[in-house]
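To start, the structure under review is shown below, and the notes come after it.
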Amino acid sequence: MTPAPQIIAHRGASSEAPENTITAYRTALAIGVDGVELDVNLSADGELMVIHDHVLDRTTDGHGPVGARTLVELRRLDAGRWFGEAFAGERLPTLAEALDVLRAVRVIVEIKAGLGRTPGIAARVAAVIRASAHREVTVSSFDHPLLVEVTAALPELDIAVLYTARPINALRLAQDARAGTLHPYWFWLTPDVVTSAHAAGLRVETWVVDELADQARVIAMGVDAVMTNHPRRLRETFTALQLPLPSPR
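Per this note's numbering, numbering of the sequence shown is gapless, rising by one per residue and ending at 268.
Written out as structure tokens, the structure reads:
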């Protein structure tokens, strides 16, 4: 039997609730997942806010850069109505709040590319994780030099290198970033990448896999985790493949 990878809800159960909100995270927990992936950006006063985009326009009723507003200003924004009236009044969570809600499952924190230019950002992320009660956190980023800084700030933390296209040498990417995990885009993933990564002691966790056939394909490659916007659908794939399922929480 193919080993079961982890089910990771990308930005929470983002097909059923507004992404990167507490409701999206609680929905994922209720569905039954092994972990949740989320994204952090920085407010004007240095608070780590959970939001994917650098700008507010797509997922809130605000406008302009996240980094141009303070925590108090960001708290006033509606982060749910864009998805549906039933979610009106959702607020942007901080990283600390998200880690608290998700303390029963693994959390993957993506530091958005570009934040590496912010002095002290690696130490800030590490400090929030260290202060939380959460002990199963992975930090990922497309900004690989930033990941080295995160490791220096919190050496015991699991680190993952994100990449979209097929690199010349994925193992070298991980080595340079001092990472123990690869986060490749699923479309470019091949069985030989998974095999060579495992031989080198690396985990392979692919994103974002939403269609049933694609989910089955990457699972057959032996990946260690599958990130998806549709965790309920991924559970259907697990059932079809007779793989064990994580319990709802």
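Note that beta-carbon positions come from the ideal geometry of N, C-alpha and C, so glycine has one too. Please read these numbers as outputs of a predicted model, since none were measured by experiment.
Contact check, residue i vs residue j, beta carbons under 8 Å
i    : j    : result
L231 : A23  : no
D58  : H71  : yes
T40  : E92  : no
D162 : G199 : no
I50  : R254 : yes
T42  : F106 : yes
L96  : G83  : no
L166 : V180 : yes
W101 : P37  : yes
V144 : L221 : no
V124 : R268 : yes
Cut-off 8 Å between Cβ atoms - residues of its own chain near residue i, not counting five sequence neighbours on either side
i    : result
A146 : A172
S151 : A115, L118, D119 and R122
D242 : Note on identity: in this sequence residue 242 is Val, with Asp being the wrong assignment. If we look at V242 and ignore the five residues flanking it on each side, its Cβ neighbours are P24, L208, V213, V223, E224 and T225.
Those residues which DSSP pairs with residue i across a bridge
i    : result
R125 : G54
V223 : L201
P84  : V74
Q25  : A244
N60  : M68
V156 : V126
Y44  : The partner list for Y44 (beta bridge, DSSP) is empty, contrary to what the question assumes.
V180 : S160 and L201
T258 : DSSP output for T258 lists no bridge partner at all.
T113 : M68
Cβ shell of residue i (< 7 Å), same chain only, five flanking positions each side left out
i    : result
M240 : L208, P210 and V213
Contact set for residue i: own chain, Cβ-Cβ below 6 Å, skip 5 residues either direction
i   : result
S34 : N248 and H249
Does the structure place the segment 61-77 close enough to the segment 103-118 that three or more beta carbon pairs sit under 8 Å? Taking a contact to require three or more Cβ pairs closer than 8 Å, the segment 103-118 and the segment 61-77 qualify as touching.
Does the segment 242-249 touch the segment 25-32, meaning 3 or more C-beta pairs lie closer than 8 Å? With the cut-off at 8 Å, the segment 25-32 and the segment 242-249 touch.
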